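Residue numbers (the working numbering): 92 to 343. Backbone N, C-alpha and C define an ideal beta-carbon position, used for all residues, glycine too. Small disclaimer: the values here were computed from a predicted structure and weren't measured.
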Amino acid sequence: AGTTQPTNIDGTAAFRMSFRNSAGASVDRYRTAVMTTPIDANVKAIFPLDGSGADLVAGNTATGTAPSYVAGMTNFGQAADFNGSNQVLAAPTTTNYDTTTFTVEAWVRAPAPSANATPTILSRGTSATNAQFRIWMDTASGMLNAGVTAGGTMYATSTSATPWLDDAWHHVALTVDGSKDIRLYLDGSQYGTTATYVGTMDMPAAPLRIGAGCGAGTYFDGMVDDVRFSNTVRSTATTLGYMATGRPHGTT
Numbered sequence: 092a093g094t095t096q097p098t099n100i101d102g103t104a105a106f107r108m109s110f111r112n113s114a115g116a117s118v119d120r121y122r123t124a125v126m127t128t129p130i131d132a133n134v135k136a137i138f139p140l141d142g143s144g145a146d147l148v149a150g151n152t153a154t155g156t157a158p159s160y161v162a163g164m165t166n167f168g169q170a171a172d173f174n175g176s177n178q179v180l181a182a183p184t185t186t187n188y189d190t191t192t193f194t195v196e197a198w199v200r201a202p203a204p205s206a207n208a209t210p211t212i213l214s215r216g217t218s219a220t221n222a223q224f225r226i227w228m229d230t231a232s233g234m235l236n237a238g239v240t241a242g243g244t245m246y247a248t249s250t251s252a253t254p255w256l257d258d259a260w261h262h263v264a265l266t267v268d269g270s271k272d273i274r275l276y277l278d279g280s281q282y283g284t285t286a287t288y289v290g291t292m293d294m295p296a297a298p299l300r301i302g303a304g305c306g307a308g309t310y311f312d313g314m315v316d317d318v319r320f321s322n323t324v325r326s327t328a329t330t331l332g333y334m335a336t337g338r339p340h341g342t343t
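1. Is there contact here, the segment 253–262 with the segment 285–298, by at least three beta-carbon pairs under 8 Å?
2. Let me check understanding here. Comparing Cα to Cα, which of Thr266, Thr240, Asn236 and Gly243 lies closest to Ala252?
3. Which residue marks the beginning of the alpha helix (DSSP H) containing Gly332, and which one marks its end?
4. Tell me whether Gly306 is buried or exposed, calling it buried when 16 or more other Cβ atoms sit within 10 Å of its Cβ.
5. Closest to Tyr282 by CA distance: which of Arg225, Thr250, Thr230 and Gly163 is it?
6. Is the number of C-beta pairs between the segment 166–179 and the segment 140–149 that are closer than 8 Å three or more?
7. Does the Cβ-Cβ distance between Val267 and Ile226 come in under 9 Å?
8. Looking at the secondary structure, which residues open and close the beta strand (DSSP E) in which Phe193 lies?
9. Compute the Euclidean distance between the alpha carbons of Leu277 and Thr248, then round it to the nearest angstrom.
10. Check this for me: beta carbons of Met164 and Trp198, under 9 Å apart or not?
11. Just to confirm, is the Cβ distance from Arg215 to Gly313 under 9 Å?
12. Going by the beta-carbon positions, is the gap between Asn187 and Phe320 smaller than 9 Å?
13. Look at the Cβ atom of Arg230, then the Cβ atom of Thr209, and state whether they are nearer than 9 Å.
14. Relative to the alpha-carbon of Asp272, which residue among Thr192, Lys135 and Ser326 has its alpha-carbon at the smallest distance?
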């Protein structure tokens, strides 16, 4: 007989198997297994980037000047490799993203700072002063920034000294909550300081972009994988649990 213990914070679950040996004594054995990473009702888009910009949730396929598709992380299939000069994937405009409380996240890998002015990993907006969200790099240091605009003003998190341009995969997530607080996370830990926007968040009728912002100087040079947009704030425990599974969202 076997029983499954509650799922752990790290995304695993413990299984207890009971046996009887040749002497009739009961013997327990414990094993730990990776659980699934389900697509719940709050998920409005998932872009696995396995050879295309297909969206697993709403079929809202991202298209554009296509990046190269290369081997991604173990178990993740392929990833999109952007050249930093003209490649971007844009999911068509939809009200699925129209929410002031959300989490947008992805796995990202970059070897060095970009030569572009504001290389942007993920964004939704029509300009630097009209954006529901944006995650970008500081050109000089390569450190991450994230923010939203309200009334045409950008409210952004501060940069952090935490290094990440090591040509390894990192999980990046931006959350905005009901208190108007903006937080950026790197590998499950908050990166930089919290920002708080004032007034009403701008909500442009714009595509969700992967690999760039709006216009020249925003192209990202690096790899992106498993992009997810949710209309809820994902907890740190949930993020760490997902990271620990070592599987893309919605898989076993």
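The structure says:
1. Short answer: they don't touch.
2. In the sequence shown, the residue the question calls residue 252 occupies position 161. The option with the nearest alpha carbon to Ala252 is Asn236.
3. In the sequence shown, residue 332 corresponds to position 241, counting from 1. For Gly332, the uninterrupted alpha helix (DSSP H) segment begins and ends at Thr327 to Thr336.
4. Position 215 of the sequence shown holds residue 306. The residue is exposed, with fewer than 16 neighbouring Cβ atoms inside 10 Å.
5. Working through the sequence shown from its first residue, we reach residue 282 at position 191. It is Thr250 whose Cα lies nearest to the Cα of Tyr282.
6. The segment 166–179, when compared against the segment 140–149, does touch it at the 8 Å Cβ threshold.
7. Reading the sequence shown from its first residue, position 176 is the one you call residue 267. Reading the sequence shown from its first residue, position 135 is the one you call residue 226. Contact: no.
8. As a position in the sequence shown, residue 193 is number 102, starting the count at 1. First-last of the beta strand (DSSP E) with Phe193: Phe193 to Arg200.
9. If you number the sequence shown from 1, residue 277 lands on position 186. If you number the sequence shown from 1, residue 248 lands on position 157. If you take the alpha carbons of Leu277 and Thr248, they lie about 13 Å apart.
10. Walking along the sequence shown from the start, residue 164 turns up at place 73. Walking along the sequence shown from the start, residue 198 turns up at place 107. Taking 9 Å as the Cβ cut-off, Met164 and Trp198 qualify as a contacting pair.
11. For the purposes of this step, residue 215 is taken as the residue at position 124 of the sequence shown. For the purposes of this step, residue 313 is taken as the residue at position 222 of the sequence shown. For Arg215 and Gly313, no; Cβs fall outside 9 Å.
12. As a working note, residue 187 is residue 96 in the sequence shown. As a working note, residue 320 is residue 229 in the sequence shown. Yes.
13. In the sequence shown, residue 230 corresponds to position 139, counting from 1. In the sequence shown, residue 209 corresponds to position 118, counting from 1. Residue 230 is actually Thr in this sequence, not Arg. Yes. Within cutoff.
14. Translated into positions along the sequence shown, residue 272 becomes position 181. For Asp272, the nearest C-alpha among the options comes from Thr192.
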